[in-house]
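Written below as structure tokens is the structure these notes are about.
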Amino acid sequence: MLIFKFGGASVKDASAVKNVAQIISMFPNKKKLIVVSAMGKTTNLLEEVVDALWTNNYESFRYLVDQVYKTHLKIVDDLFIEKHEGLVNFLEDVRDNLLERINKPISENYDFEYDQMVSIGEHISTKIVEEYLLDQTNLALWIDTKQFIRTDNTYRNGNVDWNKTQELITNNLVPLFKNSDTIITQGFIGSTSEGFATTLGREGSDYTAGIYAYCLNAESVTIWKDVPGMLNADPKWFDDTVKLNQISFQEAIELAYYGATVIHPKTIKPLQNKNIPLLVKSFVKPGEEGTIISESTKFDHLIPSFIFKMNQIKIGITPKDFSFIAEENLSHLFHILSNAGVQINLMQNSAISFDFVIDNKTNIIKDLFSNLEKDFIVSIEEGLELVTIRHYDQQTIDRVTIDKHILLTQKSEQTARILMRNI
Ligand code: ASP
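Going left to right, the sequence shown walks through residues 445 to 867 as the working numbering numbers them.
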């Protein structure tokens, strides 16, 4: 059993969908589960739809819903030679149901409403891909992932109920492969026991592929991307990036943790637990070898990797009464941070001060400050960059710190982390 995951960029328009079908056809006589994301930037658009409804901005809501409809209609029109009544009707129904939301009472839970509406993106994309595969090869079966991936009701960040999910997949999905070698489903989505949609966190379709791979004991997972594999740095920052041909699960988790965005961080664990290799390959050049992520740590140290986080803010705090930064203060502090939904990128403490670095997100920072200022003297420094180098040496450190003022450096055996700003 192979698991393929196609992200938004790989289904962003009609020619991209044709390319997906072409890639699938390269693996005949193999059982395949195809996990697909929403098309192009649909999820962002649907987030705007939710916000417009939530703020009673009905004019903008209608306009945005129409955009969702039109962008998909264009893909359908470009994809099929003859008019595809079924899909057009489906898109009209989706649009009309969304518009109906204006007349229905809205729940008090934003995250709940978000998941019910944003999950529509994957529903539409998989319907279109399924129809195209059927049109071309007569081989594809669409399934609703909500029937198989069970989560709790933490909307926007559903926690998978692994026992129930395993049971549903074993009992209800495995038998379907008797009817079709190619089954297509939605990434990013799960369902509560009451049948409400949940989402698994932005970019969560990789994780979906990992969940199915685990429960189906897959041979491998392939994530098809618009890059040749995992690179040792984001091409946005380096011209001469190098592809990592082979790395270990552990290395991949470390890279994802420090901020490498190629794979969703939660994806690796289920694969590592069952030793299922993860391949990252190019959908532009599907014949070329990408990156293999597996158990072997043999190649990890060969190429240093660089992960940049821009727009960082360093917050320094000191208890107002000059008490030590000890357990009590720390637990109070972490409580404030966790309530604010803040993720710490780097931290360091001394006797009476605690410094931490986070992404500079205006919506979070203001509340955070006012909460911290109740008990602590707070200082901030904005406009910083945090670079993490895996398998560093002095040369790699020198490379990234040219013309920079270094504020803080942390080194472990394999990893150097440097907080800096432009001179
Ligand atoms: N469509 C979702 C997103 O854009 C999930 C995914 O693509 O992985 O975040």
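Backbone N, C-alpha and C define an ideal beta-carbon position, used for all residues, glycine too.
#1: Kindly list the residues whose CB is nearer than 8 Å to the CB of lysine 687, restricted to its own chain and excluding five residues on each side of it in sequence; keep chain order.
#2: Can you give me the Cβ contacts of alanine 784 inside the same chain, cut-off strictly under 8 Å, excluding the 5 residues immediately before and after it?
#3: Within 6 Å: the Cβ of serine 481 and any heavy atom of the ligand ASP?
#4: Where do the N-terminal and C-terminal ends of the beta strand (DSSP E) with isoleucine 759 fall, by residue?
#5: Run the proximity test for threonine 595: is its beta-carbon closer than 6 Å to any non-hydrogen atom belonging to the ligand ASP?
#6: With contact counted as at least three CB pairs below 8 Å, one residue from each stretch, are the stretch 747-763 and the stretch 691-711 in contact?
#7: Flag this pair as yes or no: are the beta carbons of threonine 642 and phenylalanine 632 separated by less than 7 Å?
#8: Is the closest heavy atom of the ligand ASP to the C-beta of serine 649 under 6 Å?
#9: Is the closest heavy atom of the ligand ASP to the C-beta of threonine 666 under 6 Å?
#10: Under 6 Å Cβ to Cβ from lysine 475, same chain only, skipping five residues before and after it: list those, please.
#11: Touching or not, the stretch 481-490 and the stretch 506-517, by the rule of three or more beta carbon pairs under 8 Å?
#12: Whole angstroms is fine: what's the gap from threonine 581's alpha carbon to leucine 477's?
#13: CA-CA distance, lysine 608 and arginine 594?
#14: Going by DSSP in three states, glutamine 787 sits in which element: helix, strand or coil?
#15: Tell me the DSSP secondary structure of glutamine 858 in three-state form.
#16: Looking only at its own chain, which residues have a Cβ that is under 8 Å from the Cβ of leucine 542, when we skip the five neighbours before and after it?
#17: Give a single yes or no on whether arginine 600 has its beta carbon closer than 6 Å to a heavy atom of the ligand ASP.
#18: Could you give the distance in angstroms between the alpha-carbon of glutamate 552 and the alpha-carbon of isoleucine 850?
#19: Suppose the cutoff is 6 Å on Cβ atoms and the five residues either side in sequence are ignored; what does the same chain contact list for phenylalanine 844 look like?
#20: Taking 6 Å as the line, does the beta carbon of threonine 487 fall inside it for any heavy atom of the ligand ASP?
#21: Excluding sequence positions up to five away, which residues of its chain have a Cβ less than 6 Å from the Cβ of aspartate 605?
#22: Who are the near neighbours of serine 504 in its chain, counting only those whose CB is closer than 7 Å to its CB and skipping five residues on each side?
#23: Start and end of the beta strand (DSSP E) containing glutamate 826?
#24: Give the straight-line distance between the Cα atoms of tryptophan 586 and glycine 634, rounded to the nearest whole angstrom.
#25: Can at least three beta-carbon pairs, one atom from the stretch 720-734 and one from the stretch 764-782, be found at a separation below 8 Å?
#26: Suppose you measure from the CA of serine 740 to the CA of glutamine 838; what does that come to, to the nearest Å?
#27: Does phenylalanine 448 pass the burial test, meaning 16 or more other C-beta atoms within 10 Å, or should it be called exposed?
#28: Return yes when the C-beta of glycine 451 is under 6 Å from any heavy atom of the ligand ASP, and no when it is not.
#29: Do phenylalanine 632 and the ligand FMN come close, with the Cβ less than 6 Å from some heavy atom?
#30: Rounded to whole angstroms, what is the Cα-Cα separation between aspartate 670 and alanine 460?
#31: Looking only at DSSP bridge pairs, what is histidine 776 linked to?
#32: The beta strand (DSSP E) with isoleucine 447 in it runs from where to where?
#33: Going by C-alpha distance, which of Lys548, Glu557 and Arg506 is nearest arginine 539?
#34: Identify which residue in Leu535, Asp521 and Thr499 has its Cα closest to the Cα of isoleucine 546.
#35: With the cut-off set at 7 Å, would you say leucine 577 and alanine 696 are in Cβ contact?
#36: Got a sec? Which residues, its chain only, sit under 6 Å from valine 706 by beta carbon, not counting five neighbours each side?
On the basis of the supplied data:
#1: Taking the sequence shown and counting its residues from 1, one reaches residue 687 at position 243. Closer than 8 Å at the Cβ level, and outside the excluded window around lysine 687, lie Pro672, Gly673, Met674, Leu675, Asn676, Gly734 and Thr735.
#2: Taking the first residue of the sequence shown as position 1, residue 784 is located at position 340. Answer for alanine 784: Ile808, Asp811, Leu812 and Asn815, listed in chain order.
#3: Counting from one through the sequence shown, the residue named residue 481 turns up at place 37. Yes - the ligand ASP has a heavy atom lying nearer than 6 Å to the Cβ of serine 481.
#4: Within the sequence shown, residue 759 is the residue found at index 315, counting from 1. Counting along the chain, the beta strand (DSSP E) containing isoleucine 759 begins and ends at 749-763.
#5: Locating residue 595 in the sequence shown gives position 151, where the first residue counts as 1. No, since every heavy atom of the ligand ASP falls outside the 6 Å radius drawn around the Cβ of threonine 595.
#6: yes
#7: Locating residue 642 in the sequence shown gives position 198, where the first residue counts as 1. Locating residue 632 in the sequence shown gives position 188, where the first residue counts as 1. The answer is no: Cβ separation not under 7 Å.
#8: Residue mapping note: residue 649 aligns to position 205 of the sequence shown, counting from 1. For the ligand ASP, at least one heavy atom lies less than 6 Å from the Cβ of serine 649.
#9: For this step, residue 666 is matched to residue 222 along the sequence shown. Result no, Cβ not under 6 Å from the ligand ASP.
#10: Here residue 475 refers to the residue found at position 31 of the sequence shown. The residues are Met445, Phe621 and Asp625.
#11: yes
#12: If you number the sequence shown from 1, residue 581 lands on position 137. If you number the sequence shown from 1, residue 477 lands on position 33. So the two alpha carbons sit approximately 16 Å from each other.
#13: Numbered from its first residue, the sequence shown carries residue 608 at position 164. Numbered from its first residue, the sequence shown carries residue 594 at position 150. Approximately 6 Å between the Cα atoms of the pair.
#14: Here residue 787 refers to the residue found at position 343 when the sequence shown is read from its first residue. The answer is coil: DSSP assigns glutamine 787 none of H, G, I, E or B.
#15: Stepping through the sequence shown from its first residue, residue 858 is reached at position 414. Three-state result, glutamine 858: coil.
#16: Sequence index remark: in the sequence shown, residue 542 carries index 98 (1-based). These residues qualify, in order along the chain: Val493, Val509, Val512, Met561 and Ile564.
#17: Reading the sequence shown from its first residue, position 156 is the one you call residue 600. Not so, every heavy atom of the ligand ASP lies at least 6 Å from the Cβ.
#18: Position 108 of the sequence shown, counting from 1, holds the residue named residue 552. Position 406 of the sequence shown, counting from 1, holds the residue named residue 850. When rounded, the distance between both Cα atoms is 46 Å.
#19: On the sequence shown, position 400 is the one that residue 844 refers to. For the sequence presented, residue 844 should be read as valine rather than phenylalanine. Closer than 6 Å at Cβ, skipping near neighbours: Val831.
#20: In the sequence shown, residue 487 corresponds to position 43, counting from 1. Under cutoff, so the answer is yes.
#21: Numbered from its first residue, the sequence shown carries residue 605 at position 161. Closer than 6 Å at Cβ, skipping near neighbours: Arg594.
#22: Within the sequence shown, the letter at position 60 stands for residue 504. Answer for serine 504: Ala496, listed in chain order.
#23: Against the sequence shown, residue 826 aligns to sequence position 382. Unbroken beta strand (DSSP E) run through glutamate 826: 820-834.
#24: The sequence position of residue 586 within the sequence shown is 142, counting from 1. The sequence position of residue 634 within the sequence shown is 190, counting from 1. In a straight line, the C-alpha of tryptophan 586 is about 16 Å away from that of glycine 634.
#25: no
#26: In the sequence shown, residue 740 corresponds to position 296, counting from 1. In the sequence shown, residue 838 corresponds to position 394, counting from 1. Their Cα atoms are separated by approximately 26 Å.
#27: What you label residue 448 is simply residue 4 of the sequence shown in a count that begins at 1. With 16 or more Cβ atoms within 10 Å of its Cβ, phenylalanine 448 is classed as buried.
#28: To locate residue 451, count along the sequence shown from 1; it is residue 7. Yes - the ligand ASP has a heavy atom lying nearer than 6 Å to the Cβ of glycine 451.
#29: The ligand FMN is not among the ligands present in this structure, which contains only the ligand ASP.
#30: In the sequence shown, residue 670 corresponds to position 226, counting from 1. In the sequence shown, residue 460 corresponds to position 16, counting from 1. Distance between the alpha carbons of aspartate 670 and alanine 460: 11 Å.
#31: As a working note, residue 776 is residue 332 in the sequence shown. Histidine 776 pairs with nothing; no bridge assigned.
#32: Your numbering for residue 447 matches position 3 in the sequence shown. That run of the beta strand (DSSP E) goes 446-450.
#33: Here residue 539 refers to the residue found at position 95 when the sequence shown is read from its first residue. Nearest option by C-alpha distance: Arg506.
#34: The count along the sequence shown starts at 1 and reaches residue 546 at position 102. Looking at the Cα atoms, Thr499 is the closest of the given residues.
#35: Residue mapping note: residue 577 aligns to position 133 of the sequence shown, counting from 1. Residue mapping note: residue 696 aligns to position 252 of the sequence shown, counting from 1. No. Outside cutoff.
#36: Residue mapping note: residue 706 aligns to position 262 of the sequence shown, counting from 1. Hits under 6 Å: Met674.
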